[in-house]
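Per my numbering, residue 5 is the first one in the sequence shown, and the count goes up by one each step.
Have a look at the structure below before the remarks.
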Amino acid sequence: MSMTIEDIINIEEIKKLRSLYSHYFDAQDLDKLCALFTEDAKCEWDEDHIVKTSIPWVQ
């Protein structure tokens, strides 16, 4: 399978996104973490990890 330049760029963007997600999660920087998602994204945590925020899709 040959890859196009666009494929390579997309893969690198995904790698960057995964890295940012991990960094923001570990740093507990919810504002930056939430900014990585679309407005209609939904997150679920277990009962021990409830996040209270004004961002509608996190509530």
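Ideal Cβ positions, reconstructed from N, Cα and C, are used throughout, including at glycine.
Cutoff 8 Å; reference residue i; Cβ partners in own chain excluding five residues on either side
i: Leu40; result: Leu21, Leu24, Tyr25 and Tyr28
Sequence-distant residues of the same chain with beta carbon closer than 7 Å to residue i, five excluded per side
i: Thr8; result: none
Close beta carbons around residue i, own chain, < 6 Å, minus the five adjacent residues each side
i: Lys36; result: Tyr28
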